[in-house]
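**Student:** I'd like to ask some things about the structure below.
In UniProt numbering, the protein residues as written are 1 to 641.
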């Protein structure tokens, strides 16, 4: 058989709908709850969601069944192409009277012709029905996406996908020309070598089966050949065709794109298949969208990590939020509006187009621009502009959310920034102004009295007027990006015991106590380096310790000799990891079996004990009745003498 063609395909969410909330659950009965039993989306008999690889779908009613739940249970998946559950399978011994029919199938009873007034029967046999319309948006030999059809669009039948121009053949899995290339393929799990991992898949090709007569499918009986549709698919790769040795592309991005559709028949082998019908899975802008999201995320990540600490960080919050907001707005807002200061940034309405630069001029990042240029072969300029417009919409939505929830609105946050060492050293007048705002807020909240506020203001003014060298010496140990020394330690070491700063220390102490949030608690929900080490499995921690000891024994990491054995061991790490997971899975399965067997034995023991108790009670009642009858007989016997 020929080698599979590997290509990347869809993500599970459409980029257009990122900001519209979470994806709706696929199952309306259990809402995709992993531990809730559901006969609609899991085994129809037990409702369990365990061992999905040991489930089989009925080709008539599409219900799933565990192999072990069937009566009699199946050991392996049947080799037949079609399998029917006990309810759908017609009994071979069923007697049909003259003029009668076999029991009606579930699938035909749910067809549109049975439930609607449609003249068209969207039931079985759709492969033989002609198209009622032809897609004229793009020509039949069009490579790449069809305008207006988004990733995730579903069709109940292949005929509808053909009418939309996504995959034009009614039955064939590959649409293409032997001299040009393949335009689209359908994933339906027809070959045992097919693998679907969601973001990438292995596609075997076509052929290798004896379809003589009227057979539509058969077992694999011969090697596939690099002809017809297989050759068309090979032409999409950016590599010369070599039928003997094969070939490898040096730059796969220059190859021709292939539209991909997943069929519900794939559900027997893949969890990424749609529950019904066929779903489009091709997006030429996928890498561009991921690159743009990564660019924005890389800028937001330091802000999120910086405040995951137990130190008082609120004095740094004003400058950090303003910097992040200004970074995002610089990408899409007109430069004339960006000359204002922090609080005034909140008044810029990004929903008004007159405040934004043109879509084609927004800054989408270097990586996104490069990838967008590489898609020029497969997309039009209009599609590229639509993508850039989507990027601008994402930026404006994110900016609006930051403006709505921004701490820049709070005077207390702006006032607390007066304790930021950078503000005190570089802008002492601005620091004094913000400290006055802080004292006003504390005084209005009745946290400090008027006398303390006046004295603290004077002492803060004196503190800011210290020599620059003295201030640098005071704040030298302070590092806002380290957990070792915080502002509380810095101010405490200088102000505690100083009579000239007694009132100032009282105010600063109140402010720093207020700025301590739930950093310690919230840190448990974050994934950072320190938490990863603390939450590692025991075996991982031991392995890390062994590695550390070996490196120290060798005299440092630069003295480690990278041998061929080590390289081979690293190459096989993934395989050993999967073997370890499989071993753990088998251990868990055996443990579950023992638990189930123990539970079954407990029930049997309980039932037998109940029966024994009932028998003993019945025996006791019978013995008492016999004793009473015996006493009466003895009385009668005594009366006769």
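We put the CB at the ideal spot given by N, CA and C, even for glycine. Note that the coordinates shown come from a computational prediction; the quantities given were computed from them, not determined experimentally.
Examine the Cβ distances between the region 391-407 and the region 418-432 and report whether three or more of them are shorter than 8 Å.
**Tutor:** no
**Student:** Bridge partners of residue 65, per DSSP?
**Tutor:** 56
**Student:** In chain order, which continuous runs of the alpha helix (DSSP H) of length 4 or greater are located wholly inside the region 152-191?
**Tutor:** Here the runs fully enclosed are 158-163.
**Student:** Whose C-beta lies closer than 8 Å to the C-beta of residue 276 among residues of the same chain, with five residues either side of it excluded?
**Tutor:** So the qualifying residues of the chain are 62, 154, 156, 264.
**Student:** What number of angstroms, rounded off, separates the C-alpha of residue 638 from the C-alpha of residue 630?
**Tutor:** 12 Å
**Student:** Please classify residue 43: does DSSP put it in a helix, a strand, or coil?
**Tutor:** The answer is strand: DSSP assigns residue 43 an E or B state.
**Student:** Could you pull the start and end residues of the alpha helix (DSSP H) that residue 435 belongs to?
**Tutor:** 428-444
**Student:** Strictly by DSSP, which residues pair up with residue 196?
**Tutor:** Residue 196 pairs with 201.
**Student:** Whole angstroms is fine: what's the gap from residue 539's alpha carbon to residue 589's?
**Tutor:** 21 Å
**Student:** Please classify residue 400: does DSSP put it in a helix, a strand, or coil?
**Tutor:** Reduced to three states, the DSSP call for residue 400 is helix.
**Student:** For residue 159, which option in 152, 170, 555, 150 has the closest C-alpha, if you only look at C-alpha atoms?
**Tutor:** 170
**Student:** What is the DSSP secondary structure of residue 35, counted as helix, strand or coil?
**Tutor:** coil
**Student:** Could you tell me the boundaries of the beta strand (DSSP E) in which residue 261 lies?
**Tutor:** Segment 259-263, the beta strand (DSSP E) holding residue 261.
**Student:** Counting C-beta neighbours from all protein chains within 10 Å, is the total for residue 513 16 or more, i.e. buried, or is it exposed?
**Tutor:** exposed
**Student:** Can you tell me the Cβ-Cβ gap for residue 266 and residue 189, rounded? I've got them flagged as a contact below 8 Å.
**Tutor:** Contact between residue 266 and residue 189 holds, since their C-beta atoms are separated by about 4 Å, short of 8 Å.
**Student:** Are residue 258 and residue 359 closer than 8 Å when you measure CB to CB?
**Tutor:** Contact flag unset, no.
**Student:** Report yes or no: do the region 434-453 and the region 467-475 share at least 3 C-beta pairs separated by less than 8 Å?
**Tutor:** no
**Student:** Roughly how many angstroms separate the alpha carbons of residue 593 and residue 608, rounded to a whole number?
**Tutor:** 22 Å
**Student:** What residue from 444, 451, 321 has the CA that sits closest to residue 401's CA?
**Tutor:** If we check each option's Cα against that of residue 401, 321 comes out closest.
**Student:** Out of curiosity, what's the CA-to-CA distance linking residue 457 and residue 508?
**Tutor:** 11 Å
**Student:** Could you name the residues that DSSP lists as bridge partners for residue 333?
**Tutor:** 356
**Student:** Do the region 500-507 and the region 443-456 make contact, defined as three or more Cβ pairs closer than 8 Å?
**Tutor:** Contact holds: three or more Cβ-Cβ distances are below 8 Å.
**Student:** Check for me: the alpha helix (DSSP H) holding residue 464 runs from which residue to which?
**Tutor:** 450-464
**Student:** For residue 256, collect the residues of the same chain with a Cβ closer than 6 Å to its Cβ; drop the 5 residues on either side in sequence, then sort them by chain order.
**Tutor:** 143, 181, 236
**Student:** What span of residues does the alpha helix (DSSP H) with residue 578 cover, start to end?
**Tutor:** 573-639
**Student:** Is the region 286-305 in contact with the region 337-354, if contact means three or more CB pairs nearer than 8 Å?
**Tutor:** no
**Student:** Are residue 654 and residue 374 touching if we call contact CB-CB under 8 Å?
**Tutor:** An answer regarding residue 654 cannot be provided, because it is not within the stretch 1 to 641 covered by the chain.
**Student:** Between residue 336 and residue 269, is the Cβ-Cβ spacing less than 8 Å?
**Tutor:** no
**Student:** Buried or exposed for residue 413, going by 16 or more other Cβ atoms inside 10 Å?
**Tutor:** buried
**Student:** Pull up the DSSP beta-bridge partners for residue 278, would you.
**Tutor:** Under DSSP, residue 278 shares a beta bridge with 155, 263.
**Student:** Measure the C-alpha to C-alpha separation of residue 314 and residue 326 and round it to an integer number of angstroms.
**Tutor:** 19 Å
**Student:** Tell me the residue span of the alpha helix (DSSP H) that contains residue 293.
**Tutor:** 286-306
**Student:** Using alpha carbons as the reference points, say which of 403, 312, 272 lies closest to residue 656.
**Tutor:** Absent from the structure is residue 656, since the part of the chain shown begins at 1 and ends at 641.
**Student:** Tell me which same chain residues have a C-beta within less than 7 Å of the C-beta of residue 625, skipping the five on either side of it?
**Tutor:** none
**Student:** Do residue 49 and residue 34 have their C-beta atoms within less than 8 Å of each other?
**Tutor:** yes
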